[in-house]
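Trainee: As numbered in full-length UniProt numbering, residues 1 to 414 make up the sequence shown, in order.
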Amino acid sequence: MTTRSSRGRVASNSSSARSARTKGKARTQSNESLKKYKKQHGESPPTTDRVKFHGFRGYYKGQMVATPEEIRPKPLSLGDLECIRTLGQGAYGNVVLVRVRPRSNPNKIERPGSLFAMKILNRAEMQSFDERHPDDSDVEIASLCKLPWNPFVNGVIASFYDATSLYLMLECIPSGSLHDIIHKRGPVDAATARFYYANIACALMFLHGLGLVHRDLKPTNILVKPDGYLALADFGLAKMESDTLKNSWVMVGTPIYMAPELIRFQGSVGRGIDWWSSGVILYEIMTKRVPFYGKGEEETYRRVEAGKYKWPRHIRVGKTLKSFVAALLTYNSTRRLGVVGLVMDHAWLQGIDWEAMERHQYIAPWVPGMPHLSETWLDKPLPEPHTLQKLRVVIPPVHRQHDHRQPDSKSDLT
1 MTTRSSRGRV ASNSSSARSA RTKGKARTQS NESLKKYKKQ HGESPPTTDR
51 VKFHGFRGYY KGQMVATPEE IRPKPLSLGD LECIRTLGQG AYGNVVLVRV
101 RPRSNPNKIE RPGSLFAMKI LNRAEMQSFD ERHPDDSDVE IASLCKLPWN
151 PFVNGVIASF YDATSLYLML ECIPSGSLHD IIHKRGPVDA ATARFYYANI
201 ACALMFLHGL GLVHRDLKPT NILVKPDGYL ALADFGLAKM ESDTLKNSWV
251 MVGTPIYMAP ELIRFQGSVG RGIDWWSSGV ILYEIMTKRV PFYGKGEEET
301 YRRVEAGKYK WPRHIRVGKT LKSFVAALLT YNSTRRLGVV GLVMDHAWLQ
351 GIDWEAMERH QYIAPWVPGM PHLSETWLDK PLPEPHTLQK LRVVIPPVHR
401 QHDHRQPDSK SDLT
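This is the structure we're talking about:
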């Protein structure tokens, strides 16, 4: 509705009138920006194409466009993280649990309180290892940093360094390992074994598709995610399959999971050694024991080289599963399943929807959930603060500090 003033002009609340007033404000802002630019630089801004200014259609030539405010989150640094728990200890460093400290404008996955695993590698130890094993120099770092994301591989999210250490930030997978499932819940039925082996197969097919061989596949290196799916970890012995230097392919890995071609110093080496190890793991999932166990390393090597094993009589195993394990544990690596033919095409794995498996659409046999690691007693000592130059170590309350008490005898997997 319009009315007329005493001077006869239209005093209107129509959309056209409001639009004119808004455009006038935008034009005024643009002119002020132009004057400010001339005052600072002593000349007009360069000619630009037609642009939009604060959502309004701009003007030709000489109009100043406001610099947009930076909204992209800054990348995480060591100063944004704090160490709250030790998850594991190794020869060249520790794996700790880190938490994101409060920060402005965080990324969605880097919100304050988000938890990650951090592998801390001592640079002096790494340099000593590089001098003794030049062929394996920084293998894990190079392997993990180049890997694209995959749900069945625990890859690197970010990496940092200081004067004493190298830090690899990984997805936090704190629900245990396949070794825990085997020895606290096993032996399992064939359907459960099929699910877990399909997870392992997905991880290996992804790695082998990139030309990478893990070379140390074993249950302790296969982690259990909160949704019950598995993720392959620990790439310290990984190597590109294209590396044909034979000396670097012998006596590598854990003896009871090691393929015979790694022991006898002959034969074709490559992805077949991972498929052999996966066959050993499948046997272990079903029986809670390994097929080539020996009292010492020498006896284990002899059993692996002999290539003979038996199934326990008290455990019922179908013929199809037995033939599948036998195909994976084929002594001749050039005839082994996975090297010749696709593992997923075997009859024992028929009926699996591999796309659904990769999308985690199956319900896992056991769903552990996410343990409250930031609120429970510390079962391992924290690193000494002076050993971590830029990573802050949080000292927990007295009732949660590590004091060498015995852990709870009850299993977390029950």
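Note that CB positions come from ideal geometry on N, CA and C, so glycine has one too. Everything numeric in this text was worked out from a predicted model, so none of it was measured.
#1: How would you call residue 78, buried or exposed, if buried means at least 16 neighbouring beta carbons within 10 angstroms?
#2: Does the beta-carbon of residue 275 have 16 or more other beta-carbons within 10 angstroms, so that it is buried, or is it exposed?
#3: I think residue 156 touches residue 166, with their Cβ atoms under 8 Å apart; what is that distance to the nearest whole Å?
#4: Based on DSSP bridge pairs, tell me the residues matched to residue 85.
#5: Just checking, does the stretch 354 to 364 make contact with the stretch 208 to 222 on the three C-beta pairs under 8 Å criterion?
#6: Flag this pair as yes or no: are the beta carbons of residue 253 and residue 303 separated by less than 7 Å?
#7: Can you name, in chain order, every residue of its own chain whose Cβ lies under 8 Å from the Cβ of residue 397, other than the five neighbours on each side?
#8: Suppose contacts are defined by Cβ-Cβ distances below 7 Å. Is residue 320 in contact with residue 187 by that definition?
#9: When burial is assigned at 16 or more other CB atoms within 10 Å of the CB, is residue 66 buried or exposed?
#10: Note the first and the last residue of the continuous beta strand (DSSP E) segment covering residue 118.
#11: Give me, in chain order, the residues of the same chain whose beta-carbon lies closer than 7 Å to that of residue 399; leave out the 5 immediate sequence neighbours on both sides.
#12: Is the beta carbon of residue 120 less than 7 Å from the beta carbon of residue 150?
#13: Can you give me the start and stop residues for the alpha helix (DSSP H) that residue 196 sits inside?
#14: Here's the rule: buried if 16 or more other CB atoms are within 10 angstroms of the residue's CB, otherwise exposed. What is residue 316?
#15: So, at 6 Å on beta carbons, what are the nonlocal neighbours of residue 83 in its own chain, with the 5 sequence-adjacent residues on each side left out?
#16: What number of angstroms, rounded off, separates the C-alpha of residue 325 from the C-alpha of residue 386?
#17: Just the Cα atoms here: how many angstroms apart are residue 373 and residue 334?
#18: Is it buried or exposed for residue 240, if we count other Cβ within 10 angstroms and need 16 for buried?
#19: Quick check: what's the CA-CA separation for residue 118 versus residue 87?
#20: Could you compute how far the alpha carbon of residue 38 sits from the alpha carbon of residue 395?
#21: How far does the alpha helix (DSSP H) with residue 277 in it extend, from its first residue to its last?
#22: Taking the continuous alpha helix (DSSP H) assigned at residue 324, which residues delimit it?
#23: Just to confirm, are residue 256 and residue 300 a CB contact at a threshold of 7 Å?
#24: Shortest alpha-carbon distance to residue 170 belongs to which of 341, 154 and 283?
#25: For residue 388 and residue 314, I'd like the C-alpha separation in whole angstroms.
#26: Are the Cβ atoms of residue 201 and residue 343 separated by less than 7 Å?
#27: Nearest-angstrom Cα distance between residue 89 and residue 124?
#28: Would residue 222 count as contacting chain B if we go by Cβ distances under 7 Å?
#29: Distance check for residue 377 and residue 198, CA to CA, integer angstroms please.
#30: Could you pull out every residue in the same chain whose Cβ sits closer than 6 Å to the Cβ of residue 329, ignoring the five residues on either side in sequence?
#31: With DSSP collapsed to three states, give me the class of residue 241.
#32: Where DSSP assigns a beta bridge to residue 231, which residues make up the other side?
#33: Pick from 365, 207, 226 and 177: whose alpha carbon is nearest that of residue 189?
#34: Thinking C-beta only, is residue 277 closer than 7 Å to residue 224?
#35: Taking the C-alpha atoms as reference points, what is the distance between residue 210 and residue 369?
#36: If we call anything under 7 Å between Cβ atoms a contact, is residue 111 one with residue 80?
Mentor: Per the coordinate set shown:
#1: buried
#2: buried
#3: Not confirmed; about 11 Å, so no contact.
#4: 97
#5: Because the criterion of three Cβ pairs below 8 Å is not met, the stretch 354 to 364 and the stretch 208 to 222 do not touch.
#6: no
#7: Once the five neighbours on either side are set aside, residue 397 has no close Cβ partner at all.
#8: no
#9: Confidence in residue 66 is poor, its pLDDT being 47 and thus under 50, which makes the residue's placement too unreliable to answer from.
#10: 115 to 122
#11: For residue 399, same chain residues with a beta-carbon under 7 Å away, outside a window of 5 residues either side, do not exist.
#12: no
#13: Looking at the DSSP string, the run of the alpha helix (DSSP H) that includes residue 196 is 190 to 209.
#14: exposed
#15: 96, 98, 391 and 393.
#16: Straight-line Cα distance between these residues: approximately 50 Å.
#17: Looking at the two C-alpha atoms, the distance is approximately 45 Å.
#18: exposed
#19: 9 Å
#20: 56 Å
#21: 272 to 287
#22: 319 to 328
#23: Against a cut-off of 7 Å, the Cβ pair of residue 300 and residue 256 comes out as a contact.
#24: 154
#25: 52 Å
#26: yes
#27: 17 Å
#28: Checking the listed chains, one finds no chain B in this structure; it contains a single protein chain.
#29: 35 Å
#30: Listed in chain order, the non-local C-beta contacts of residue 329 below 6 Å within the same chain comprise 279, local neighbours out to five positions each way being set aside.
#31: coil
#32: 223, per the DSSP bridge assignment.
#33: 365
#34: Contact flag unset, no.
#35: Going by C-alpha positions, residue 210 is about 31 Å away from residue 369.
#36: no
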